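All remarks here apply to the structure that follows.
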Amino acid sequence: MPPYPYRGRFAPSPTGPLHLGSMLAAFGSWLMARHANGQWLVRVEDIDPPREVAGAVASQLATLAAFGLVPDMPVQYQSRRHPLYHAATTGLLEQHKAFACHCSRADLASQHGIHRHCVASQQRAHPAIRLRVADGSHVVFNDGLQGEQRQQVDREVGDVVLLRADGCWAYQLAVVVDDAEQGITHVVRGTDLIDSTPRQILLQQALGLPTPQYLHLPLLLDATGQKLSKSQAAVPVDGSQPLPVLRWLWAALGQAPAALDSATHIGELLQHAAAGFDPAKLQKTSLRAPLMPPG
């Protein structure tokens, strides 16, 4: 892909309808792209069939459209990109940067699930494939909102799964390959994924791929402090009432509510939001979602 000054993306998994937490990430990533006069893409991360909910893809895309969040390029689907993941994994295996692993979760229980060497009790018909993480693999990166982040990947994560034993590509591999192939320069997403970033950086380095700039937005929590996506409070956003939801999200992102007061329709509101957005006002800490969704 040719270089772009700014190309961001929103990459939902089709595990259900979009809720306030996912819309916060979508709107935040859209605003960052528009603030930079860049492009904003949508990629459906549908490579984990056991977790997918029937109809979720269509529902999610319809919700984004109802909120005026239309990508600048056609929507991409990970389920159609298997050859890219296969080529990347094959290259790593040929360079001895990855290896076949027969270890089960039970085998790794004594190591707290962290794989540093194979301890398989038996051979599998279809082993997993892991990235070989060298001893002392210490990754440091500067997050655009959360600041400097450090992780000792070999000790805290271990050898990273690229292909699962059930034949599904791992999220870590797919997201790295897709971001590079699509020319993504900036990744804006929730802080629940900040711990995944160091292993993604290691994988980018192993594949000889560029590392995007990262910015992790605060999560929305329910009244008990649980992540909204895992809570019963995660009700779907109402696509028929986008204005109050966008105004709530705008304020949750630290922006001055008055900037959107005069907007009477979606196009006008998004135009004002793109013009008035200030990344310096983003807050780092997690937010509490309202008991009832806006609208």
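Residue numbers (the numbering used here): 25 to 319.
Just so it is clear, CB atoms sit at the ideal spot from N, CA and C, and this is done for glycine as well.
Given the structure is predicted, the values throughout are model-derived calculations rather than measurements.
Proximal residues to residue i (C-beta, below 7 Å), its chain only, five neighbours per side dropped
i, result
"Q307", "P242, G278"
"H150", "A189, G191"
"A78", "none"
"Y238", "F165, D167, G168, V211, T221"
"Q256", "With a pLDDT of 48 at Q256, under the threshold of 50, the modelled position of that residue is not reliable, and no figure is offered here."
"A194", "V185, L186, L187, R188"
"H296", "A283, L284, A287"
"E172", "V164, N166"
Burial state of residue i, where buried means 16 or more other Cβ atoms lie within 10 Å
i, result
"Q63", "buried"
"R174", "exposed"
"Q325", "Not covered by the structure: residue 325. The range shown for the chain is 25 to 319."
"D159", "exposed"
"H240", "buried"
"A276", "buried"
"P74", "exposed"
"L294", "buried"
"T114", "exposed"
"R271", "buried"
"G94", "Looking at the sequence itself, residue 94 is Val, so the reference to Gly does not match. Flag for V94 reads exposed."
"G232", "exposed"
"G291", "exposed"
"P41", "buried"
Whole-angstrom C-beta distance between residue j and residue i, which should lie under 8 Å
i, j, result
"Q206", "Q100", "7 Å"
"V157", "L226", "6 Å"
"R140", "V184", "So it is not a contact: roughly 12 Å between Cβ atoms."
"G182", "I138", "4 Å"
"A152", "L187", "6 Å"
"A230", "K121", "5 Å"
"R222", "V177", "The amino acid at residue 222 is misidentified as Arg; the sequence shows Pro. About 5 Å; that satisfies the 8 Å criterion."
"M97", "P303", "Their Cβ separation, rounded to whole angstroms, is 23 Å, which puts M97 and P303 out of contact at 8 Å."
"A50", "L88", "6 Å"
"A112", "L197", "7 Å"
For residue i, the first and last residue of its enclosing beta strand (DSSP E)
i, result
"A124", "122-125"
"E172", "171-176"
"A152", "152-155"
"G32", "31-34"
"V65", "The amino acid occupying residue 65 in the given sequence is Leu; Val does not appear at that position. Here the beta strand (DSSP E) through L65 covers 63-68."
"H162", "162-167"
Cβ-based neighbour list, residue i, same chain, cut-off 8 Å, excluding 5 preceding and 5 following
i, result
"R67", "R33, F34, A35, V99, Q100, Y101, Q102, D202, Q206"
"D70", "S37, P38, E76, V81, Y101, Q102, S103"
"S161", "Q176, V177, D178, L226"
"T215", "Q170, H240, L241, P242, L243, S310"
"Y28", "G62, Q63, G207, T209"
"W274", "F51, P281, A283, L284, A297"
Cβ-based neighbour list, residue i, same chain, cut-off 6 Å, excluding 5 preceding and 5 following
i, result
"V200", "Q224, L227, Q228"
"F91", "P266"
"A60", "Y30"
"R312", "L245"
"R58", "A298"
"T309", "P242"
"H126", "A144, Q147, R148, P151"
"I208", "R31, R33, P236"
"G300", "A283"
"G263", "T87, A90"
"G249", "none"
"D131", "V143, A144, S145"
"E118", "none"
Where the alpha helix (DSSP H) containing residue i begins and where it ends
i, result
"Q295", "290-300"
"R271", "266-276"
"G40", "Segment: none, G40 is in no alpha helix (DSSP H) and carries neither H nor E."
"L44", "44-59"
Quiz prompt | Secondary structure, alpha helix (DSSP H): runs of 4+ residues fully inside the stretch 182-238 | solution = 195-205, 221-231
Quiz item: Curious, which full-length alpha helix (DSSP H) runs of at least 4 residues does the stretch 81-135 contain?
Solution: Whole alpha helix (DSSP H) segments, 4+ residues: 106-118, 129-132.
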